[in-house]
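J.: Each residue of the sequence shown is one higher than the one before, starting from 29 at the first, in the numbering used here.
Before I ask anything, let me first share the structure, which is written out below as structure tokens.
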Amino acid sequence: MRYQLFRDNDHSKPVAQSDEFDSEYKATEWARAWVKSQGDHDRYRFQQIDGGRPMLFLRTVAGQWYGMPLAEEAAA
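Below, the structure written as structure tokens:
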């Protein structure tokens with residue numbers, strides 16, 4: 029599966045796209061590493077290219093990054 033990262037306020041074009049991953053866990057680790065090293069914003073949307081429930085990565089004031097699944101109604 030391939031995944032994309034979008035700035036949370038702009039879902040029109042991805043800021044990063046993954047290679048193929050055989051598990052969501054590995055893809056999530058890739059996304060977390062990307063936002064830690066290259067993120068210039070405090071919120072990113074992470075999702076499979078072909079759909080599926082997205083995840084929100086957000087940076088706290090203290091600098092930690094957290095990933096949390098978005099509810100179905102918030103995903104639209």
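Don't be surprised by glycine CBs; every beta carbon is placed ideally from N, CA and C.
Taking the beta strand (DSSP E) that residue 76 belongs to, which residues open and close that run?
T.: 71-76 is the extent of the beta strand (DSSP E) around residue 76.
J.: Please state the DSSP three-state secondary structure of residue 60.
T.: DSSP places residue 60 in helix when its eight states are reduced to three.
J.: Could you check which residue in 84, 93, 90 and 29 has the C-alpha nearest to that of residue 54?
T.: Minimum Cα distance to residue 54 is reached at 29.
J.: Can you give me the C-alpha to C-alpha distance between residue 76 and residue 96, rounded to a whole angstrom?
T.: Roughly 15 Å between the two C-alpha positions.
J.: Between the Cα of residue 62 and those of 98, 93 and 99, spot the shortest distance and give me the residue it belongs to.
T.: Nearest C-alpha to residue 62: 93.
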